[in-house]
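Okay, structure first, notes after.
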Amino acid sequence: MMGRAAARRRARLIAATASLALAIPSVQAGAAASAPPTHAARASIFRAAQGPSPQPGVDKKAADESEDFAVTPLVGPAVREFVESGAEADRSSRLARIVVPLVLILLIERELLASLGRPEARAFRFYGLPLIACFAMIVVAQLRQYVG
Amino acid sequence: MRDGYPVEDRGRALGPREWAARVALGTFTAVVVTAETTALLVSMEVSVACYAGLLVALLNLPLIVRSLTAQERAVVMGLALVPALKIAAVALPQVFIPARYWEALPALMALALVFALRIFPVPSLTAARTTWIRLQEREQLAIAAAGPVMAGTAAAWYSAVNSGIGMPGLVASSTSALATAALSGVALEIVFRGVIQASLIPVLGRAFGVAVSSFLYAALFIGSGSSFLFVLALVTGAVWGTVAATARTVTGVAVSHALFAMFWVVLY
């Protein structure tokens with residue numbers, strides 16, 4: 010097991026790396042020329058891009074179903090709207106401001122707990138897995154922007 | 022405990038510890054409802070931020086409150102699946118993946134997470150482990166067969182309360198849509214009835230455990246913006262929760278939910 014002094018040194022190193030990584034999205038956020046549009050605004054843009062709404066009596070059932078139902082409740086209409094609205098890179102960078110710090114927090118805590126020999130470190134690792142997958146998706150979205 | 026599913030502890034007077042647990046659970050539920058409502062009224066990012074804060078708070082709770090029992094730690098770790106699932110449901114889907122596939126991603130991630138927790142058991146989570154490979158029993162098959170019946174009943178109910186919708190009819194559905202519906206049904210049952218409810222019952226009692234897990238399950242549907250779906254999820258969640266608590270396994274309800282979701286897709 011790692012000694013306490015070594016654990017402290019490791020923690021300081023991780024904290025310094027994390028603060029640097031956390032600063033990047035903050036700088037990006039500060040450099041943004043305008044605030045991101047609200048959910049309602051994005052929804053209206055998305056609806057406008059979809060064309061005129063169905064006429065009364067014309068395929069009303071289909072319109073109602075698209076409002077209420079998705080194949081899975083895990084990805085409901087609000088999530089679908091969020092994913093399909095706006096620019097891919099813009100949306101992923103906004104999500105990165107939440108997901109990246111969260112992944113870093115979980116990984117740092119996991120390292121600290123593991124260095125102290127605490128069994129809770131495993132839980133942090135498991136809950137970090139889906140977030141790392143989310144981070145990978147965000148990275149791919151950003152790469153697609155650079156590749157064009 | 023029989024077959025991995027915990028048995029409730031009846032007839033116990035509530036002490037300060039139990040009340041504290043209920044207040045904490047109420048706070049958790051309030052945050053989930055707030056995050057779901059925020060997704061509708063404010064923005065999806067704020068909702069994800071709420072869930073991120075909730076996830077960090079839940080994972081750190083056993084580190085801060087050192088006096089938690091193994092069962093209480095299991096409750097906390099089980100409840101942490103809810104924000105993890107919701108964050109994955111928003112951040113995993115991307116437009117460069119076909120919609121049918123990205124709809125299935127959060128369910129796959131939830132299943133992978135639960136199985137990872139089972140394969141590499143965390144000491145505090147072992148108390149919440151359940152059994153679901155018991156399909157040979159007749160009771161499980163009967164529960165599973167009730168899924169399409171419930172879906173048909175729900176569809177008729179929806180048509181009755183909403184005059185704008187006609188009676189549902191059978192429509193041809195793609196294989197990927199049916200598979201996604203079934204997968205998400207199984208994932209939701211394993212997470213909510215298999216882990217969350219199984220850990221809540223020994224701490225809160227059977228009735229309260231089923232009620233809380235059903236409400237949490239229904240709270241995920243607030244983001245859909247449909248009051249009908251919320252009520253439907255509350256009712257079906259209570260039915261499946263009661264059945265799972267009685268049968269002490271989630272096999273039947275997982276298959277039942279999968280058939281329910283598939284039949285619902287076929288009806289609409």
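In the order they appear, the protein sequences are chains A and B.
Taking this note's numbering, the leading residue of the first sequence gets 10, the next gets one more, and so forth.
Taking this note's numbering, the leading residue of the second sequence gets 22, the next gets one more, and so forth.
Positions of the beta carbon are idealized from the N, C-alpha and C atoms, including for glycine.
All values reported here derive from a predicted model rather than from experimental measurement.
Only counting the same chain, and skipping five residues up and downstream in sequence, which positions put a Cβ closer than 7 Å to that of residue 251 of chain B? 239, 242, 243
Give a yes or no on whether the C-beta atoms belonging to residue 263 of chain B and residue 161 of chain B are separated by under 8 Å. Cβ distance not < 8 Å, so residue 263 of chain B and residue 161 of chain B don't count as in contact.
With distances taken from CA atoms, which of B:94, B:97, B:108, B:87 is nearest residue 57 of chain B? B:108
Is DSSP giving residue 151 of chain A helix, strand or coil here? helix
Spell out whether any CB of chain B is found under 8 Å from the CB atom of residue 150 of chain A. Using a CB distance cut-off of 8 Å, residue 150 of chain A counts as an interface residue toward chain B.
Distance, Cα to Cα, residue 68 of chain A vs residue 180 of chain B? Confidence in residue 68 of chain A is poor, its pLDDT being 44 and thus under 50, which makes the residue's placement unreliable; the coordinate value appears in the next sentence. For residue 68 of chain A and residue 180 of chain B, the distance between alpha carbons rounds to 16 Å.
Helix, strand or coil for residue 66 of chain A? Go by DSSP, reduced to three states. With a pLDDT of only 41 at residue 66 of chain A, under the threshold of 50, the placement of this residue in the model should not be trusted, and no figure is reported.
Reference residue 122 of chain B; option with closest CA among B:199, B:172, B:62, B:85: B:199
I'd like to know if residue 125 of chain A contacts chain B, where contact means its C-beta is closer than 8 Å to some C-beta of that chain. no
For the candidate residues B:228, B:282, B:61, B:287, whose alpha-carbon lies nearest to that of residue 82 of chain A? The candidate whose alpha carbon is nearest that of residue 82 of chain A is B:282.
Measure the CB-CB distance between residue 218 of chain B and residue 265 of chain B and report whether it falls below 8 Å. In contact: residue 218 of chain B and residue 265 of chain B (Cβ atoms closer than 8 Å).
Closer than 8 Å is the cut-off here; do at least three beta carbon pairs connect the stretch 141–150 of chain A with the stretch 91–109 of chain A? The stretch 141–150 of chain A vs the stretch 91–109 of chain A: in contact.
Considering only residues of the same chain and omitting the five flanking positions on each side of residue 133 of chain A, which have a CB-CB separation below 7 Å? 115, 118, 119, 122
Where do the N-terminal and C-terminal ends of the alpha helix (DSSP H) with residue 283 of chain B fall, by residue? DSSP places residue 283 of chain B inside the alpha helix (DSSP H), whose first and last residues are 272–288.
So which residues of chain B does residue 120 of chain A contact, with C-beta pairs closer than 7 Å? Going along chain B, no residue has its Cβ under 7 Å from residue 120 of chain A, so there is no contact; the nearest lies around 14 Å.
In three-state terms, what does DSSP make of residue 133 of chain A? Assigned with DSSP and collapsed to three states, residue 133 of chain A falls in helix.
Counting only Cβ pairs nearer than 9 Å, list the residues of chain A close to residue 106 of chain B. 83, 139
9 Å Cβ cut-off: residues of chain A touching residue 244 of chain B: 82, 85, 86, 87, 88
Any beta-carbon of chain A closer than 8 Å to the one on residue 205 of chain B? yes
According to DSSP, is residue 92 of chain B part of a helix, a strand, or is it coil? helix
Could you list which residues in chain A have their beta carbon closer than 9 Å to that of residue 171 of chain B, in chain order? Neighbours of residue 171 of chain B on chain A: none; closest Cβ ~15 Å, over 9 Å.
Taking contact to mean 3 or more Cβ pairs, one atom from each stretch, closer than 8 Å, check whether the stretch 124–142 of chain A and the stretch 100–120 of chain B are in contact. yes
Just verifying my parser: in three-state terms, what is the DSSP assignment at residue 188 of chain B? Coil at residue 188 of chain B, not helix or strand.
DSSP state of residue 29 of chain B mapped onto helix, strand, coil: Here residue 29 of chain B scores only 49 on pLDDT, less than 50, and its place in the model is too uncertain to base an answer on.
Residues of chain A with a CB under 9 Å from the CB of residue 109 of chain B: which are they? Simply 83, 139, 140, 142, 143.
Hey, does residue 147 of chain A have any beta-carbon neighbour from chain B nearer than 8 Å? yes
Check whether the Cβ atoms of residue 105 of chain B and residue 132 of chain B sit closer than 8 Å, and answer yes or no. No, Cβ-Cβ distance for residue 105 of chain B and residue 132 of chain B is not below 8 Å.
Using DSSP with H/G/I as helix, E/B as strand and the rest coil, what is residue 81 of chain B? helix
Are any of the Cβ atoms in chain B nearer than 8 Å to that of residue 117 of chain A? It does not: the Cβ of residue 117 of chain A has no partner Cβ on chain B nearer than 8 Å.
Mind listing which residues of the stretch 119–133 of chain B have their C-beta closer than 9 Å to chain A's C-betas, in chain order? 120, 121, 123, 124, 125, 126, 127, 128, 130, 131, 133
For residue 155 of chain A, decide whether its Cβ has a neighbour in chain B, counting only Cβ atoms nearer than 8 Å. no
Mind checking if residue 136 of chain B is an interface residue toward chain A, Cβ cutoff 8 Å exclusive? Residue 136 of chain B does not count as touching chain A.
Go through its chain and collect everything with a Cβ distance to residue 280 of chain B's Cβ below 7 Å, but skip five positions before and after it. 165, 168, 169
Does the beta carbon of residue 113 of chain B come closer than 8 Å to any beta carbon on chain A? yes
Please report the residue range of the alpha helix (DSSP H) in which residue 91 of chain A lies. 86–93
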